[in-house]
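Asker:
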Amino acid sequence: MQFCPNCGMTLVPTKKDNKIILVCPKCNYETKRAAKEISKIKHDKEKIVVIGKTEEKVRTLPKTSAVCPKCGHSEAFYWLVQTRGADESSTQFFRCTRCSSTWRETS
Ligand SMILES: [Zn+2]
Ligand SMILES: [Zn+2]
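When we follow my numbering, the leftmost residue of the sequence shown carries the number 2, and every step to the right adds one.
1. CB-CB under 8 Å to D18, same chain, minus the five flanking residues each way: which ones, in chain order?
2. Quick check on L6: does DSSP put it in helix, strand or coil?
3. Could you check the C-alpha separation between I52 and T98 for me, to the nearest Å?
4. Could you check if L81 is buried or exposed, using at least 16 other CB atoms within 10 Å of its CB as the buried criterion?
5. DSSP on C97, reduced to helix/strand/coil?
6. I need the DSSP call for A67, collapsed to helix, strand or coil.
7. From what residue to what residue does the beta strand (DSSP E) around P26 run?
8. Alpha carbon to alpha carbon, how far is F1 from R105?
9. Closer than 6 Å by C-beta to E31: which residues in its own chain qualify, once you throw out the five before and the five after it? Chain order, please.
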């Protein structure tokens, strides 16, 4: 732990210009050198990877009778996607329950 040479406050690690530096919360004194913990802090960033989230979603989707253009199967999952910018219309998507091929509704 380091202290501010000006006012004695505990310095707080703060991100600046892609570096972690120590900053005094009271007088905004900044250390010129990066904090020692730099490598640790950097490496712990966003390691969370969501696996199988899409599959989980698909499994809970409602089914409807639609003919798959790929294999001709007559049952598919379906969901609606709001089309960005387009006059609030939504596009219906289908995914074949047999071959998992995905297609959008053509009107
Ligand atoms: Zn200070
Ligand atoms: Zn199919």
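Using N, Cα and C, we set each Cβ at its ideal position, and we do this for glycine too.
Answerer: Checking against the coordinates, here is how it stands:
1. Result list for D18: empty, nothing under 8 Å.
2. Sequence check: residue 6 is Pro here, not Leu. It is coil, neither helix nor strand.
3. At I52, the pLDDT of 46 sits below 50, so the modelled position is not reliable; the number obtained from the coordinates is stated separately. Taken atom to atom, the span from the alpha-carbon of I52 to that of T98 is near 21 Å.
4. Looking at its Cβ environment, which holds fewer than 16 other Cβ atoms inside 10 Å, L81 is exposed.
5. The answer is strand: DSSP assigns C97 an E or B state.
6. A67 falls in the coil class under three-state DSSP.
7. Note, P26: premise wrong, no beta strand (DSSP E); not H, not E.
8. Since the first residue shown for the chain is 2 and the last is 108, residue 1 is missing from the structure and cannot be characterised.
9. Annotation for E31: I22 and V24 place their beta carbon closer than 6 Å to its own, counting only its chain and skipping 5 residues before and after.
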